[in-house]
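Chains as they are written, first to last, in our numbering: chain V, 34 to 241; chain X, 34 to 241; chain E, 34 to 241.
Glycine is no exception: its CB is placed at the ideal position from the N, C-alpha and C atoms.
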Amino acid sequence: MGAKGEVTMDAFGIMNIVGLLAFAVVGSLRGSEADLDLLGVGVLGVMTALGGGVTRDLLVNATPVALRSMGDVSVALVGVALAVVLSRFGDDLTERPVVRIPDAIGLSAFATTGALVAHDAGLTAFGVVLLATVTGVGGGLISDLLLQNVPSVLVEDFYATCALLGGLAFWLLVDVGVGSQKSAVACAGIVLGLRLLAIRYDWELPTV
Amino acid sequence: MGAKGEVTMDAFGIMNIVGLLAFAVVGSLRGSEADLDLLGVGVLGVMTALGGGVTRDLLVNATPVALRSMGDVSVALVGVALAVVLSRFGDDLTERPVVRIPDAIGLSAFATTGALVAHDAGLTAFGVVLLATVTGVGGGLISDLLLQNVPSVLVEDFYATCALLGGLAFWLLVDVGVGSQKSAVACAGIVLGLRLLAIRYDWELPTV
Amino acid sequence: MGAKGEVTMDAFGIMNIVGLLAFAVVGSLRGSEADLDLLGVGVLGVMTALGGGVTRDLLVNATPVALRSMGDVSVALVGVALAVVLSRFGDDLTERPVVRIPDAIGLSAFATTGALVAHDAGLTAFGVVLLATVTGVGGGLISDLLLQNVPSVLVEDFYATCALLGGLAFWLLVDVGVGSQKSAVACAGIVLGLRLLAIRYDWELPTV
């Protein structure tokens, strides 16, 4: 794959770790705000971090990566521990840049793995877009369902849309002959860029 | 399969398209009534149309058809567009015959595909009945869960029961030696007939 | 496997049946208390009994056992019938020892099958612990989600923790060279013992 590819993979690996940490922190903080016990907080953090990837793998009939290697769950558990410490320092941390920017990085990394997995499984354009979106937002959606919230991705601002558009861009680029590796970089950049702009300028989608 | 079989497949294909449209319209209208943004409405419509089939395929460990061909999702997206137009014309459309009769056709078509897939996968009688029911009501159930409603199939009238009885009839017919194709026609007729009668006469199941 | 192993399997089979009955009764009673119709009560009972095992099988990409043999669903339906009879005799039966002790046996039996299936599929330590927990509490969690309750395993006392610790013990024992059969017996004993102690002494986990 050469030097460029390796650098890309490294950047991607770091984004994935940042994302796992951020998603685990967000999930744990939500659990803590809902007065769950310690196990509940841990479950929510781990499910938020791993839920998107597990759903992605189930949709292409693979045994979830999260159950076959200890890497992701270890990072998620570090995120849970981090959240327990952070929760002593203030409320509404999930609305602060210290959590929202890593969360955007995670959305970007996860959406990109979704698009890549769908591409490798030979899915259609819809399959690529769906897996990018589900992998990006699935963990948060599961934590919303467990806490009996209407999923925030359905009612709130410009979040799932970023993953969806990144997946669409990935598919278009691959369809016109760009390699999947370069398309993945573009997908990650688009998701992250759109999400940061959406946070900065409070973008919202119109209601019907 | 011969001329009769082909006619049957055509009728079945048309029922499936009507069902996808109706389910997408119902899901989208529900999303719109819940004040979701445009993406949320689209997601709800597509998930309601495709959710039952995706669940069916996952239960027999197949990559979901909806991710392998663009047909179903394209029809679902037409249904979403239709719902956005329809929602300008009045409220409570989901209670009107213009939506309820296509919805009954969809329930019938989806329950029948569930029974056929279960039969082909060599499942038990329970497997056939479960897949018929889940394929028929799974999409609506997912949309209820996303909107934080107690699933209407659990609390309301004679809906899931139609799919369940159709699946049971399919299994009984196959068990006594009727071919799966003819049994599928019978299943579709039973589900549709029961559902239309249930709408016409407000059938309800007793509570315990 | 020898005489000892066979005795163990018999004990395990009996525990599994007790668990299916207890989980079906608990699910049906909850459905009945939520004023579901007869089908809803049946669905809730069957899903509570089979939901954990179905989720377990889907996570390792196997066609769910519950769809391949009629044994488990038959037992679950007996449990539903039992619940319909029991519901005439009083309220809050789910809090009485006549239901809670069989429920603890079911948690123990299901957590142990989860650990064994994860072990056979070559999953990691996390995979073993997750499958033990999910198999033990998955059915109850599904019934909570269908009834729009915040899952009791997330907010209430020492329940999922028993399955989690049993799965952890199973993995530790297998890791130090104890056979999977003996480790399964230890896992079952630990889950059951912890759960009965938790009921007896009202154990709770701390909140964060």
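If we count the other Cβ atoms within 10 Å of its Cβ and call it buried at 16 or more, is residue i buried or exposed?
i               : result
R89 of chain V  : buried
L230 of chain X : exposed
G123 of chain X : exposed
S65 of chain X  : buried
Y234 of chain X : exposed
V131 of chain V : exposed
G212 of chain X : exposed
L225 of chain E : buried
G112 of chain E : buried
G172 of chain V : buried
V118 of chain X : exposed
V209 of chain X : exposed
S107 of chain V : exposed
G129 of chain V : This sequence places Arg at residue 129 of chain V; Gly is not what is there. By the neighbour-count rule (16 or more Cβ atoms within 10 Å), R129 of chain V is not buried but exposed.
R228 of chain X : buried
D70 of chain X  : buried
P239 of chain X : exposed
V40 of chain V  : Model confidence at V40 of chain V stands at a pLDDT of 45, short of 50, so the residue's coordinates are unreliable; what they give is reported in the following sentence. By the neighbour-count rule (16 or more Cβ atoms within 10 Å), V40 of chain V is not buried but exposed.
G73 of chain E  : buried
D125 of chain X : exposed
I47 of chain X  : exposed
D153 of chain X : exposed
G155 of chain E : exposed
D68 of chain X  : exposed
A36 of chain E  : Annotation note: pLDDT 40 at A36 of chain E (below 50); position unreliable, coordinate value reported separately. When all chains shown are included, A36 of chain E counts as exposed.
G38 of chain E  : Because G38 of chain E sits at a pLDDT of 40, beneath the cut-off of 50, its placement in the model cannot be relied upon, and the point is left open.
Hey, could you find the ends of the alpha helix (DSSP H) residue i is sitting in?
i               : result
R228 of chain V : S213 to Y234
T157 of chain X : It is not in any alpha helix (DSSP H) - T157 of chain X carries neither H nor E in the DSSP assignment.
R101 of chain E : V98 to R101
V93 of chain X  : Looking at the DSSP string, V93 of chain X is not in any alpha helix (DSSP H), and its letter there is neither H nor E.
T127 of chain E : Per DSSP, T127 of chain E belongs to no alpha helix (DSSP H) and is neither H nor E.
S107 of chain X : G104 to L119
F203 of chain V : A193 to D208
V186 of chain E : S185 to V188
Closer than 9 Å by beta-carbon distance: list the chain V residues that pair up with residue i, in chain order.
i               : result
S185 of chain X : Those within 9 Å of S185 of chain X in chain V number zero; the least Cβ separation is about 16 Å.
P135 of chain X : Simply none; closest approach about 20 Å.
A231 of chain E : Residues of chain V passing the Cβ test: none, with the nearest at roughly 12 Å.
Can you list the residues of chain E that residue i reaches, using a CB-CB cut of under 7 Å?
i               : result
N94 of chain V  : N94
L91 of chain V  : L91
A165 of chain X : Those do not exist, as A165 of chain X stays about 12 Å from chain E at its closest Cβ, beyond 7 Å.
V76 of chain V  : L187
A193 of chain X : L72
Using DSSP's beta-bridge definition, name the partner residues of residue i.
i               : result
D177 of chain E : Per DSSP, none; premise fails for D177 of chain E.
Listing by chain order, which chain E residues have their CB less than 9 Å from the CB of residue i?
i               : result
R129 of chain V : Correct list: empty, because the minimum Cβ distance to chain E is about 18 Å.
L100 of chain X : Under the 9 Å cutoff, chain E gives no residues; its nearest Cβ is about 16 Å from L100 of chain X.
Can you pull the chain X residues whose beta carbon is under 7 Å from the beta carbon of residue i, in chain order?
i               : result
G73 of chain E  : L187 and V188
L238 of chain V : D70, L71 and L72
V150 of chain E : Correct list: empty, because the minimum Cβ distance to chain X is about 15 Å.
V106 of chain E : F159
Using the beta-carbon of each residue, which ones in chain X are nearer than 9 Å to residue i?
i               : result
G173 of chain V : Simply none; closest approach about 13 Å.
A55 of chain V  : By Cβ distance, chain X contributes nothing, its closest Cβ being about 22 Å from A55 of chain V, past 9 Å.
Against residue i, what residues of chain V qualify as contacts under a CB-to-CB distance less than 7 Å, listed in chain order?
i               : result
L180 of chain X : V183
A144 of chain E : Those within 7 Å of A144 of chain E in chain V number zero; the least Cβ separation is about 14 Å.
List, in chain order, every chain E residue whose beta-carbon is nearer than 8 Å to that of residue i.
i               : result
M103 of chain V : T157, A158 and F159
A114 of chain X : None at all; the shortest Cβ gap to chain E is about 31 Å.
Would you mind telling me which residues of chain X sit closer than 8 Å to residue i, beta carbon to beta carbon, in chain order?
i               : result
A217 of chain V : Ordered by position in chain X, no residue passes the 8 Å Cβ test against A217 of chain V, which lies about 19 Å from the chain.
A202 of chain V : The contacting residues do not exist; A202 of chain V stays about 16 Å from chain X at best.
Is there a Cβ from chain A that is less than 7 Å from the Cβ of residue i?
i               : result
P130 of chain V : Among the protein chains in the structure shown, which are V, X and E, there is no chain A.
The ligand NAD heavy atoms versus the CB of residue i: any closer than 6 Å?
i               : result
A202 of chain E : Ligands displayed in this structure: none; no statement on the ligand NAD is therefore possible.
Practice problem: Evaluate the contact criterion for the segment 200-214 of chain X versus the segment 146-160 of chain X: three or more CB pairs, one atom per stretch, below 8 Å. | Solution: yes
Exercise. Inspect the CB distances between the segment 168-183 of chain E and the segment 62-77 of chain E and report whether three or more fall short of 8 Å.
Key: yes
Quiz item: Touch check for the segment 135-146 of chain E and the segment 75-93 of chain V: three-plus C-beta pairs under 8 Å?
Solution: no
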